[in-house]
Amino acid sequence: MADLDHDRGAASPEAGGSGPALVIGVGAFGRDVLESAEEHGLSRPAPVRRRRVLLRLDGQEPDEDAATVAARVEGLLGLESAMQAEPGDERRPSLDIFVVGDLGDPEVAERLPRLTAAIRSRLARRFSNIFRAQAMPGLTVCPVVALLGLRDEGYDVAPAAAALSALGVQAKASDQPGPSPVARIFVVEQQTSHYELTRRDVVSTVVAFLTLVCGTSLRQQEPLRSFLRSSVEHTREGRHFASFGCATLELSLERYCVSRAAQALVTEIRAAASASVAEHAVTAQRLVPDPEAVKAVLIGPEDGEDLVAQLRAHTPRIDFPAIGPQATPEDVRDIAYGWGWFDSLEAAVDAYVKRLDEREMDEVSRVADERGLEELRRLQRDLAEALHDAETGGPHGWADALRLAEQVQSRAKRAADGLAAKLADEALPPFPETTAVESAFRELREESTLRPRPPRMRVFTVIFALVMALVTHHLPKWFAVCILDGRISPFAIAPPSMGADVGGYRYLLDPPYAFFWCALLAGGLLHLYLERRRKKRHAALLAAQDDLRAAVRRYLSDDVGPSIRRYYETRLAFSLSAWTLRMLRRIEGVAAREVQRLARISTALDRLERVFAAEAERAERGADEEGGDLVYRTHLSRDLLVATYEASRPGADLAARLFEDIGKNEDPRAAAAGVPPYLFESRLRDLVRPFCVPRDAVIADLAGDEVKRFVERRHGRLGVPLEIRGSVESANASRYVFAPSWARDGLDALRQELRTLPEIQVHEDGDRVHLVTLQTALTEGAIVLPDRGGKRP
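To convert, count from 1 in the sequence shown and add 143; that's my numbering.
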């Protein structure tokens with residue numbers, strides 16, 4: 144089933160002729176012939192030795208057109224052609240060139256002879272060693288000319304007659320010795336001895352003839368072989384003209400079955416997808432991560448350095464000198480926390496900021512860019528893989544991929560819009576001022592001035608104790624004698640209380656003991672008071688130091704208020720947020736493009752479905768639109784086409800098998816263009832053809848009788864569309880029947896009934912049956928070009 148065209152009616156290696164062929168179209172008629180030939184596969188890919196090339200020449204100078212032809216011939220006669228020859232085949236290559244045009248067009252009638260002469264001359268010089276003179280010349284340049292409108296009223300036959308004469312002269316010139324190409328002229332008009340042809344019929348007749356000459360063994364059969372390859376001795380009488388008639392049964396079975404199967408396949412592919420929305424939402428959530436998760440990956444991936452930690456690692460360490468209990472205000476203001484300390488603080492901060500500005504921020508930005516690009520590539524790669532897996536997951540994969548792309552686009556857009564709004568509401572904080580640090584520093588210095596000095600405290604305590612003892616040393620005895628003992632009135636002037644005898648208490652109450660104890664008590668109380676005040680001021684000074692330390696910390700690394708670290712980390716956060724937004728927008732854009740591409744797939748599938756449906760309908764309408772019933776091209780009935788397709792309908796798993804084949808043999812064109820292979824019309828036909836082309840037995844059973852009726856009705860009635868003088872009308876007339884291999888048995892049986900039916904020639908085209916009448920070896924004088932009275936002018 145891999146090569147059905149070969150299995151159905153494969154011919155011998157010489158079936159396609161002995162060499163390549165080049166068909167050149169000139170003018171409107173030539174263009175129509177080339178378009179029809181292209182439609183019917185005349186130029187389908189083939190080995191070089193059997194290749195058929197179609198070339199339209201658009202009215203340049205003959206020499207320029209000849210150069211174009213020579214360039215094409217170079218490709219047909221290259222080393223590749225020689226390497227494809229059969230082992231042991233030492234024959235020189237051959238090449239047939241057919242120049243198609245309508246001599247009824249005066250411009251073409253004037254141009255075509257000059258063109259063929261230029262081609263013959265250019266090729267004879269360019270390939271003289273390949274096509275040098277030999278018994279059987281290898282190069283022929285054959286004009287295939289139509290005489291459209293020959294019998295119309297007012298038709299001027301002079302340009303056509305002049306062109307035929309010029310072509311005849313060229314053919315005679317080629318009979319001289321030397322490596323000159325052989326020239327043979329095929330002529331057709333719109334009327335045979337039995338019927339009239341339309342312009343479309345003439346086009347179809349020429350296409351059928353060229354198809355048979357270039358694609359079957361017709362070139363290798365007599366009399367056409369001798370006509371094309373004859374040497375000088377065989378053509379001394381100037382018989383360089385020929386004509387042909389063709390009748391074709393257009394079965395269209397393979398094309399119809401392929402079109403119907405392809406239509407059914409496209410319909411199946413366009414069916415609703417099976418994956419649920421929830422599955423797509425989960426996949427989209429994985430493909431479009433949360434912005435904070437993306438920033439976390441950019442800041443510190445699992446196998447990379449944390450960017451924030453990299454910034455924080457360079458925060459300066461500020462030394463805060465300790466303040467001892469015995470430190471004096473001068474020690475604090477001039478030594479520990481003088482203005483030199485503040486200058487060193489400013490220098491450390493300036494160095495820190497300069498390092499961040501000139502090195503660290505550039506470095507973390509570079510690392511963030513690298514990580515951002517890497518993460519973006521990963522996200523895009525994951526998205527592409529997910530969409531590819533969904534799209535190639537089955538016949539409905541494109542619809543699954545479309546829904547997934549829509550989910551990804553929607554999620555990425557929401558995340559990007561939210562992040563963009565958040566960035567718009569945020570602003571970069573100002574660079575922190577040193578006001579708070581300087582204020583705390585000044586307060587520390589001011590607090591140090593309120594701190595008591597220990598030497599002064601001791602001197603003042605001694606003086607205070609002596610003064611207080613001097614003033615109050617009599618009071619303890621007075622209180623004991625007058626108040627406690629009551630021996631002397633507190634208001635009495637005499638006797639004095641100091642003279643009273645207090646016995647053993649004299650060591651406490653009498654001088655000098657009383658003076659000592661009073662001094663000791665006053666000094667102790669004052670010392671306790673001053674020490675308590677000293678400790679309080681020391682604690683206040685330590686608190687001021689702590690405030691300074693906190694102010695410096697907040698200035699350098701506070702996470703809430705303005706700080707140097709927060710300023711640069713906020714800049715980094717802005718950069719990472721911008722990268723995250725860029726990623727989300729890129730993912731949104733990729734998903735949007737995929738949505739558009741997959742939506743175009745839906746449109747393309749719809750177009751393909753209409754194309755295949757229209758082809759099937761045209762095949763069913765048949766002869767109602769595409770040709771006459773007598774010559775070219777007769778179609779099978781709709782019922783027979785439908786019955787053949789039903790007998791060859793592919794299984795329900797065709798779509799699954801198609802995608803399995805696509806997975807094994809992915810088309811590089813499709814991969815490069817980003818287009819699924821099933822959107823290429825030709826690829827889709829190639830994919831479904833092995834599964835739906837009817838078997839030979841099926842076709843023979845269903846269409847065999849129709850083929851026999853076609854051949855039976857037209858055999859003997861098919862003539863050449865050219866008026867030939869009566870004496871030579873039947874001379875050298877040959878008839879052929881070309882049919883697929885499956886029709887041979889039925890036609891051989893028909894030959895038993897129709898003894899005049901020629902031997903059946905098997906050819907490769909399984910969809911057409913051709914009847915051919917060929918009249919060769921005509922002289923120019925045998926061709927009748929009617930004018931008034933039907934005489935040649």
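Heads up, the beta-carbon is just placed ideally off N, CA and C, and yes, glycines get one too.
If you compare alpha carbons, which of the options is closest to residue i?
| i | options | result |
| --- | --- | --- |
| T723 | K565, L238, L392 | K565 |
| T577 | R403, G704, S720, P163 | G704 |
| P929 | R263, H337, G168, R294 | R294 |
| A886 | D701, Y711, D796, D839 | D839 |
| S591 | A683, D208, T348 | A683 |
| T391 | L200, G909, L748 | G909 |
| L353 | D239, Q333, P434 | D239 |
| F658 | V754, A289, H616 | H616 |
| L441 | E513, A494, A405 | E513 |
| Y656 | L618, K679, A686, I273 | L618 |
| L307 | S336, E253, I262 | E253 |
| A882 | R736, I842, I867 | I842 |
| A559 | K315, G732, D702 | G732 |
| V831 | R588, R708, Y480, A405 | A405 |
| F574 | D474, M611, S700, A735 | S700 |
How many whole angstroms separate the CB atoms of residue i and residue j, which I take to be in contact at a CB cut-off of 8 Å?
| i | j | result |
| --- | --- | --- |
| T259 | L371 | In fact, because the Cβ distance is near 15 Å, the residues do not count as touching under 8 Å. |
| G170 | V251 | 4 Å |
| P597 | Q688 | Incorrect: roughly 19 Å between the Cβ atoms, too far for contact. |
| L177 | L197 | 5 Å |
| A665 | F607 | 6 Å |
| R878 | T922 | Going by Cβ atoms, the distance from R878 to T922 rounds to 22 Å, so no, they are not a contact pair. |
| L430 | L562 | So it is not a contact: roughly 17 Å between Cβ atoms. |
Identify the residues that DSSP records as bridge partners of residue i: which are they?
| i | result |
| --- | --- |
| H913 | T391, F881 |
| F241 | V166, C285 |
| F384 | I328, L921 |
| L198 | I167 |
| A876 | Q918 |
| E339 | Q334 |
| I867 | I926 |
Which first and last residues belong to the alpha helix (DSSP H) in which residue i is found?
| i | result |
| --- | --- |
| Q688 | 656–700 |
| R649 | 649–652 |
| Q550 | 540–568 |
| G483 | 482–498 |
| E896 | 887–896 |
| R838 | Per DSSP, R838 belongs to no alpha helix (DSSP H) and is neither H nor E. |
| T787 | 781–791 |
| G218 | 205–219 |
Which two residues bound the contiguous beta strand (DSSP E) that contains residue i?
| i | result |
| --- | --- |
| R714 | Here R714 belongs to no beta strand (DSSP E); instead the alpha helix (DSSP H) covers 707–764. |
| I328 | 328–331 |
| I442 | Where I442 is concerned, there is no enclosing beta strand (DSSP E), although the alpha helix (DSSP H) it sits in stretches over 434–442. |
Is residue i helix, strand or coil when you go by DSSP?
| i | result |
| --- | --- |
| G173 | helix |
| T922 | coil |
| E768 | Confidence at E768 is low in this model, with a pLDDT of 49, below 50, so its placement is unreliable and the value that follows should be read with caution. DSSP places E768 in helix when its eight states are reduced to three. |
| F603 | helix |
| S271 | coil |
| E528 | helix |
| A351 | helix |
| V346 | helix |
| L928 | coil |
| V409 | helix |
| V905 | strand |
| V774 | Residue confidence is low: V774 scores 49 on pLDDT, short of 50, so the model does not pin down where it sits. No coordinate-derived value is stated. |
| G160 | With a pLDDT of 44 at G160, under the threshold of 50, the modelled position of this residue cannot be trusted; read the value that follows with caution. G160 falls in the coil class under three-state DSSP. |
| I466 | coil |
| Q453 | helix |
| V614 | helix |
| R594 | coil |
| V251 | helix |
| G311 | helix |
| G358 | helix |
| R826 | helix |
| L290 | coil |
| D295 | coil |
| V401 | helix |
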